[in-house]
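Numbering (my numbering), first residue to last: 699 to 1309.
The structure is reproduced here in structure tokens:
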């Protein structure tokens, strides 16, 4: 989507809807935020009025030749009032800060919950991922809309109230002057608004520069790339890339500052003209009608402040409008349609024997026309061990994604004990599967928490048993805190890094701990050598007696123990049978098995094989 289209796209929610959305969050989580907005606005107006009247009142006492005691009494009264209002206002702002933060954190939690539970196809949709990124950015700091909107609403309420009070104060003086002040203020605001709109239109450009700079910095500081940077002499190249991007960003900042400086100059001229007109008029009243000096000071201050209230209303309304665009994005993400069922589904059958079937399934990835799987008809019987083999890109992993319920087929059905899985709540269906994928992401948590995927209820005996079965007992024993050792160094400095093979074994232990009726291994040992992969698969075969298992591999020798082998080619099950049956058949499986055997002997890459 281009920047132009992006800025012209109508928000999904109006300003009013977004304000009600945030008020709803505050009402449910931190109600004090709402009344504190009213209290802070009221006290701020009172403080402003006290500051407006203090000098004219003191000057009036001087004009009246009041005794020194009365003069000091007036000054003391105003001083106490200012101190009291400032102190109370500071206290209310302080307690308001924690409440506003609490509301923002509640919204962040809702976004995180949505991101973690949304239907899997949404997690692969670039548009959804961009929406998530923008929603997260809208909550990323105290200055972002999810928290700053309360300051905007407070200031808008203050400016509207101040405008009303000051209008009543100056309107009886000269209506034409009031309109002139309001008009010049409005012109200044609209100039400022055009500048702000320019900034909004170009914020994607600015964000792209910042993202590129941060990307280069992250890579330069990455411990994973430290060896490559040094061995291949990439330092100068990385430095040049950083400097070139920084130059573009600096040029953009310079262009923006020139535009903003011009806008400030226009605003200064308008302010000079506005105050000059008011000043000349009040001097005329003083000379022609004998306006007291105290009244002159009061009205001049009031006219200056009146223009400030008008500007404040326009600025805060504009700010609220801009913040509403980001709040609308948050609502869009939180209300993102879900293709999967999450509640109201029928219960999963309670049985020890689950049968899983792909009933004439055809599938294309969303947004593409290419058929990945075509008319797949497959039944996995209770306790059966199935191997899905074939070359890279044949459709093996896609087949598993359909079995696991990550996608729904375009044609056909996925059936659990004869029931379409779309009738179940998808999270309930996921609980049936213990999976290990080729690419695994581990959080910076302890070994025990990683295996149990829990924090509060960990069965340590079970954790140790699963670790032993995965062949990691010696590794864990060598760690500083054993099972309480944190994995990774992103959060904990005393954390440890696991090798690729050790990470996969840890994922195997996690799958064993979950103990789901279906075990799925999607090439988790692809990074290991063939002998190590065969050893792990054999161990899994021994450890999962009675469970339905699906083993995926492009190494045919690793899955010979399976009850049935499916050879997938070009999106269809080209051959099916036991290892011996497929060899006797002499088809593509036998041909590939023979080629792989020769490649292993020659030390060549299996990815180069074509049949």
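For each residue, glycine too, the CB sits at the ideal point set by N, CA and C. Everything numeric in this text was worked out from a predicted model, so none of it was measured.
The straight-line gap separating the alpha-carbon atoms of residue 836 and residue 817 is approximately 22 angstroms. In the structure shown, residue 982 adopts helical secondary structure according to DSSP, grouped into three states. DSSP places residue 1114 inside the beta strand (DSSP E), whose first and last residues are 1109-1114. Between the alpha carbons of residue 917 and residue 923 lies a distance of about 7 angstroms. Nearest in C-alpha terms to residue 1069, of all of 717, 1092, 838, 1218, is 1092. Burial is judged here by how many other beta carbons sit within 10 angstroms of a residue's own beta carbon; residue 1083 has at least 16 and is buried.
Per DSSP, residue 1093 is not a residue of any alpha helix (DSSP H), being assigned neither H nor E. Between the region 867-880 and the region 838-854 there are fewer than three inter-stretch CB-CB distances shorter than 8 angstroms, so the stretches are not counted as touching. The beta carbon of residue 1102 is closer than 6 angstroms to those of 1131 in its chain, skipping five residues each way along the sequence. At a Cβ-Cβ threshold of 7 angstroms, residue 709 and residue 1023 count as neighbours. In this structure, residue 879 sits away from residue 730, with a CB-CB distance that is not shorter than 7 angstroms. Under a 10 Å Cβ-count criterion, residue 1187 is classified as exposed, with fewer than 16 other Cβ atoms of the shown protein chains found around its own Cβ. Cβ neighbours of residue 1203 within its own chain (closer than 7 angstroms, five residues either side excluded): 1168, 1169, 1170.
The beta carbon of residue 1209 is closer than 7 angstroms to those of 1132, 1133, 1134, 1217 in its chain, skipping five residues each way along the sequence. Across the structure, residue 1292 and residue 1270 are spaced so that their CA atoms are roughly 22 angstroms apart. Taking all protein chains shown into account, residue 1031 has 16 or more neighbouring C-beta atoms within 10 Å of its C-beta and is therefore buried.
Residue 750 carries a helical assignment under DSSP once its states are collapsed to helix, strand and coil. Judged by beta-carbon spacing, residue 1086 lies within the 7 angstroms limit of residue 1250, meaning their Cβ atoms are closer than that value.
Residues 1114, 1122, 1126, 1127, 1129, 1130 of the same chain have their beta carbon placed closer than 8 angstroms to that of residue 1046, with the five preceding and five following residues left out of the count. DSSP places residue 801 within a helical segment (H, G or I) once states are collapsed to three. Boundaries of the alpha helix (DSSP H) around residue 835: 824-835. Rounded to the nearest whole angstrom, the CA to CA distance from residue 766 to residue 896 is 56 angstroms.
The region 1238-1264 contains no complete alpha helix (DSSP H) run of 4 or more residues. Partner residues in the beta bridge of residue 1060, as assigned by DSSP, are 1109. If you draw a straight line from the Cα of residue 814 to the Cα of residue 945, it comes to about 38 angstroms. Between the region 1048-1061 and the region 740-753, the count of Cβ pairs shorter than 8 angstroms is below three; the stretches do not touch. Using a C-beta cut-off of 8 angstroms, the region 849-858 makes contact with the region 734-746, since at least three inter-stretch Cβ pairs fall below that distance. Taken through DSSP and simplified to helix, strand or coil, residue 782 comes out as helix.
With a contact defined as Cβ atoms closer than 8 angstroms, residue 1259 and residue 1239 qualify at about 5 angstroms.
Going by beta carbons, residue 1174 and residue 1165 fall inside the 7 angstroms limit. The C-beta distance from residue 1142 to residue 1194 rounds to 11 angstroms, too long to meet the 8 angstroms contact threshold. With a cutoff of 7 angstroms on beta-carbon distance, residue 1071 and residue 1096 are scored as near each other. The count of Cβ pairs closer than 8 angstroms, one atom from the region 783-801 and one from the region 720-735, reaches three, so the stretches are in contact. Annotated as proximal: residue 1280 and residue 1273, with beta-carbon spacing under 7 angstroms. In its own chain, leaving out the 5 sequence neighbours on each side, no residue places its CB closer than 8 angstroms to the CB of residue 1176. CA-to-CA, the gap between residue 787 and residue 781 works out to about 10 angstroms.
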